[in-house]
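To convert, count from 1 in the sequence shown and add 116; that's the numbering used here.
Built from N, CA and C at the ideal position, the CB exists for glycine as well.
What follows is a short report on a single structure.
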Amino acid sequence: MNSDILKNSISKLKEEKDAIVLAHYYVDGDVQEIADFVGDSYYLSQKALESDNKIIVFCGVHFMAESAKILSPHKTVLMPDSSADCPMAHMVTPKEIKKAREDYDDLAVVCYINSTAQIKALSDVCVTSANAVNIVKNLKEENIFFIPDKNLGQYVASQVPDKNIFSNDGCCPVHNILTKNCINEAIASNPDALVLAHPECSFDILEMADFIGSTTSIIEYVSSSKHNSFIICTEVGILHQLNKEGKNKNFHLFNEQQVCQDMKKITLEKVYNSLVSLEPEIHVNNDISLKAKTALEMMHKLA
Ligand code: SF4
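Take a look at the structure:
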């Protein structure tokens with residue numbers, strides 16, 4: 117089937133099956149086009165919660181679909197390719213959390229939403245890159261174990277210097293690959309461009325950035341900026357929305373490594389197949405789901 121036929125068929129199936137399609141900014145542009153809502157993890161988790169549809173088709177990686185299922189256990193949550201998984205979500209272990217709890221009496225375990233349900237269940241509160249600083253600031257605990265992204269943890273620590281914030285050794289391989297050298301080269305080739313960076317980048321890169329923010333904040337920044345040239349330090353999929361919002365503006369990426377291979381596993385064909393077969397469906401163990409829900413709800417409350 118060609119992509120126009122696929123798009124039409126998906127649109128009919130959505131109506132027929134009472135389904136809503138949610139897509140992250142990092143999936144392919146074609147998939148973003150057929151989605152009812154496109155956004156970052158926080159926005160999509162809100163949309164999943166608010167939706168009245170019986171079926172949610174989550175076009176993103178596993179932890180996102182899992183979070184939707186945890187927040188809406190009575191809904192059917194489908195993932196067009198259930199092998200699309202975020203490697204960073206698995207970079208912290210329950211043992212490390214247990215050890216941190218033993219080491220500090222006054223400790224909050226703060227987990228980035230890019231984590232497995234099992235890790236959320238062991239945490240006090242979830243955060244996203246958009247709300248992490250505010251939520252950590254407002255916690256009463258002085259010691260914060262920020263998991264599983266040491267880069268975002270270091271950024272939060274720089275914004276909340278009065279707390280003792282430490283992390284496990286985890287990071288996003290797509291953002292962590294960006295080096296000072298590649299930014300310097302991009303700046304040399306585009307001296308008028310502003311550097312916009314996602315806080316999953318290493319602190320070296322963040323120190324060179326003109327603006328640091330979540331995917332949504334980067335898109336909003338470009339829309340309202342008078343500048344017309346930007347060096348983008350995040351995953352390539354964001355260009356689809358940036359090109360829509362920032363018509364006639366120039367965006368510079370570094371190389372083909374700014375691609376999240378897991379996000380790219382979601383294709384139009386797989387979305388179509390998923391709506392036809394109502395598979396693969398996401399399930400979360402009941403006990404884990406209830407505990408993880410507390411951490412997610414705490415985020416929605418504090419954010
Ligand atoms: S871009 Fe990085 S953090 Fe996001 S899903 Fe891919 S690997 Fe995970």
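(message) Any heavy atom of the ligand SF4 closer than 7 Å to the beta-carbon of V177?
(response) Numbered from its first residue, the sequence shown carries residue 177 at position 61. Checking the Cβ of V177 against the ligand SF4 gives yes.
(request) May I ask you to check if the CB of P264 is nearer than 7 Å to at least one heavy atom of the ligand SF4? (result) The residue you call residue 264 lines up with position 148 of the sequence shown. Checking the Cβ of P264 against the ligand SF4 gives no.
(request) Measure the Cβ-Cβ separation of I328 and Y271 and say whether it is below 8 Å. (result) Taking the first residue of the sequence shown as position 1, residue 328 is located at position 212. Taking the first residue of the sequence shown as position 1, residue 271 is located at position 155. Taking C-beta atoms as the reference points, I328 and Y271 count as a pair closer than 8 Å.
(message) Run through the DSSP bridge pairs and tell me what V243 is partnered with.
(response) Within the sequence shown, the letter at position 127 stands for residue 243. BP columns for V243 point to Y228.
(request) Using three-state DSSP, classify A135 as helix, strand or coil. (result) In the sequence shown, the residue the question calls residue 135 occupies position 19. Here A135 sits in strand by DSSP.
(request) Can you give me the Cβ contacts of I235 inside the same chain, cut-off strictly under 8 Å, excluding the 5 residues immediately before and after it? (result) Within the sequence shown, residue 235 is the residue found at index 119, counting from 1. Closer than 8 Å at the Cβ level, and outside the excluded window around I235, lie A205, V208, P210, I213, C227, I263, P264.
(message) By the three-class DSSP mapping on this structure, what secondary structure does S125 have?
(response) Position 9 of the sequence shown holds residue 125. Taken through DSSP and simplified to helix, strand or coil, S125 comes out as helix.
(request) Mind checking which residues open and close the beta strand (DSSP E) that includes G155? (result) Sequence index remark: in the sequence shown, residue 155 carries index 39 (1-based). Going by DSSP, G155 is part of the beta strand (DSSP E) stretching over 153-155.
(request) Report, in whole angstroms, the separation of the C-beta atoms of V241 and A216, which I expect to be a contact under 8 Å. (result) Along the sequence shown, one-based indexing puts residue 241 at 125. Along the sequence shown, one-based indexing puts residue 216 at 100. Not quite, the Cβ-Cβ distance comes to about 14 Å (not below 8 Å), so this is no contact.
(request) Taking only heavy atoms of the ligand SF4 into account, decide whether any of them is closer than 7 Å to the Cβ of Y142. (result) Translated into positions along the sequence shown, residue 142 becomes position 26. Set against 7 Å, the gap from the CB of Y142 to the closest heavy atom of the ligand SF4 is smaller.
(request) Can you tell me which of C175, Y159, H140, L160 puts its alpha carbon nearest to the alpha carbon of E385? (result) Position 269 of the sequence shown, counted from the start, is the residue given in the question as residue 385. With distances taken between Cα atoms, E385 lies closest to C175.
(request) Taking I171 and L194 to be in contact with their CB atoms under 8 Å, please state how far apart those CB atoms are, rounded to whole angstroms. (result) As a working mapping, residue 171 is identified with position 55 in the sequence shown. As a working mapping, residue 194 is identified with position 78 in the sequence shown. Rounded to whole angstroms, the Cβ separation of I171 and L194 is 6 Å, and the two are in contact under 8 Å.
(request) At 3 residues or longer, and completely inside the segment 324-403: list those beta strand (DSSP E) runs for me, N to C. (result) 345-349, 366-368, all fully within the segment 324-403.
(request) Alpha carbon to alpha carbon, how far is K266 from D285? Give it in angstroms, no decimals. (result) Working through the sequence shown from its first residue, we reach residue 285 at position 169. Working through the sequence shown from its first residue, we reach residue 266 at position 150. When rounded, the separation of the alpha-carbon atoms in D285 and K266 is 6 Å.
(message) What would DSSP say about C317, mapped onto helix, strand or coil?
(response) Numbered from 1 along the sequence shown, position 201 holds the residue referred to as residue 317. DSSP places C317 outside both helix and strand once states are collapsed to three, so it counts as coil.
(message) Quick check on V143: does DSSP put it in helix, strand or coil?
(response) If you number the sequence shown from 1, residue 143 lands on position 27. In the three-state DSSP reduction, V143 falls in the coil class, being neither helix nor strand.
(request) Report yes if the CB atom of K365 is closer than 8 Å to the CB atom of N344, and no otherwise. (result) Within the sequence shown, the letter at position 249 stands for residue 365. Within the sequence shown, the letter at position 228 stands for residue 344. Cβ atoms of K365 and N344: closer than 8 Å.
(message) Does the distance between the C-beta of P277 and the nearest non-hydrogen atom of the ligand SF4 fall short of 7 Å?
(response) The residue labelled residue 277 in the question sits at position 161 within the sequence shown. Not under cutoff, so the answer is no.
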